[in-house]
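First residue of the sequence shown: 4, per my numbering; consecutive thereafter. Built from N, CA and C at the ideal position, the CB exists for glycine as well. Bear in mind that the values here come from a model prediction, so they are computed numbers and not experimental data.
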Amino acid sequence: MPPTARELRAELTSLIGRHAIEGSDIETPIGGLYIGKRSRPTEMEYRAQWPCVVLVAQGAKTLRFGRTVLHYGAGECLLVSLDMPVVSTTVAASPSKPYLGVALRIHPASLAEVLRRAPLASPRAADVPSVSVDKASAELLEAMVRMLRLLDRPEDAAAMAPLIEQEILYRVLSGPGGARLVELARSQAPANRIARAMSWLRARYAEPLRIDDLAARVGMSPSSLHHHFRAVAAMTPLEYQKNLRLHEARRLIVAESVSIGEAATRVGYQSLSQFSREYRRYYGVPASHHMRGAPTLRSRSPMRYSSAQ
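Below you can see the structure in the form of structure tokens.
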């Protein structure tokens, strides 16, 4: 008799708890596999989130992107299909019952390989968000448990981890949120074009944004770009760029002790007063609140590292 979802989640909890480090998100020896543990609720963590699938074994978090807030907890699967600036908060965790989660990064090449081996029907992805939460299937839980078991059998990991990764991606693609991932893998699909637009914005977030130029670069009309960008990312291209700028400005102020004026200039603002207004509106406090010596919130460096587990 196959194990139940409850039994699988219990083993997932045990495996993550044994290998995770308190208060940290760490990449395991299995490349692209991250585990996280929190023994108390956290303040907001600002990060640039890459595509991944997250399974929560215990506890709960919230994820904010644009104007959307998602809650995900034990037994649920968070799927992020695009690079997004997000705000993550651990909301359910305690020393006796810490938050425990695992994330597998989704690489385009691995995704394409799964679709090559098992072509899925072209879905209707218009109503499927780029970030979604669903109940984790027993099949997905079982595959992730087998992936984590390899941490105790490193001699098997090189041969087995790529195969289990393919299985996990197949389960995700076949699930409720997989339609967006399938669309992203198709070069002429609107979501794929939006992903290319996002990539261009991440590389040039400090430059002035001209919607006409961005639309032409990805082969869309300005109106189509705006419509599909909002449908996929829950924000406009300008809002996406602004979020990237503000995340990086905060990182510069917190991690590098850069002055407020220099941070504003380095991320592309020409008006310090505009920067100050938008910073306060986004973070709820003035930029001076995050300078060295003031209480700070946790920060991840945009476009370098992130995981939502």
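By the beta-carbon neighbour count (other beta carbons within 10 angstroms, threshold 16), valine 72 is exposed.
The C-beta distance from leucine 36 to methionine 150 rounds to 6 Å, short enough to fall under 8 Å.
When C-beta atoms of the region 110-124 are compared with those of the region 22-34, fewer than three pairs fall below 8 Å, so the two segments do not count as touching. For serine 91, the beta-bridge partners assigned by DSSP are Glu48 and Leu66. With a cutoff of 8 Å on beta-carbon distance, alanine 218 and proline 211 are scored as not near each other.
Counting only the Cα atoms, tyrosine 282 lies some 19 Å from leucine 204. Per the Cβ contact rule, the region 60-67 is not in contact with the region 166-182 (fewer than 3 Cβ pairs under 8 Å). DSSP lists Lys40 and Gln61 as the bridge partner or partners of leucine 103.
Among the bridge pairs identified by DSSP, glycine 26 is matched with none. A buried status is given to proline 193, since no fewer than 16 other beta-carbon atoms sit within 10 Å of its beta-carbon.
In summary, alanine 267 is buried, with 16 or more beta-carbon neighbours lying within 10 Å of its beta-carbon over all protein chains present. Between valine 136 and glutamate 79 a beta carbon distance of about 6 Å is seen, short of the 8 Å cut, so the two are scored as contacting. Where threonine 71 is concerned, the enclosing beta strand (DSSP E) starts and stops at 71-76.
Membership of serine 279 in the alpha helix (DSSP H) is indicated by the continuous run 275-286. No Cβ-Cβ contact shorter than 8 Å links arginine 21 with leucine 144.
Rounded to the nearest whole angstrom, the C-alpha separation of arginine 108 and leucine 247 is 20 Å. Short of 6 Å from the beta carbon of tyrosine 102, and not among the five residues preceding or following it, lie these beta carbons of its own chain, in chain order: Arg41, Gly62, Thr93 and Ala96.
CA-to-CA, the gap between threonine 7 and valine 56 works out to about 21 Å. Comparing C-alpha distances from threonine 16 to each of Met47, Arg213 and Ser99 shows the shortest one belongs to Ser99. Residue pairing by DSSP places aspartate 137 opposite Cys80 in a beta bridge. With fewer than 16 other CB atoms across the displayed protein chains lying within 10 angstroms of its CB, alanine 121 is exposed. Within its own chain, the residues whose Cβ lies closer than 8 Å to the Cβ of alanine 236, once the five positions on either side in sequence are excluded, are Phe68, Gly69, Leu85, Met87, Ser133, Ile197, Met201 and Tyr243, listed in chain order. Between isoleucine 171 and the set Leu187, Met147, Phe232 and Ala161, the nearest pair of CA atoms involves Met147. Counting of Cβ neighbours within 10 angstroms places isoleucine 24 among the exposed residues, the total staying below 16. DSSP, read as helix, strand or coil, puts arginine 152 in helix. DSSP lists Leu82 and Leu107 as the bridge partner or partners of valine 56.
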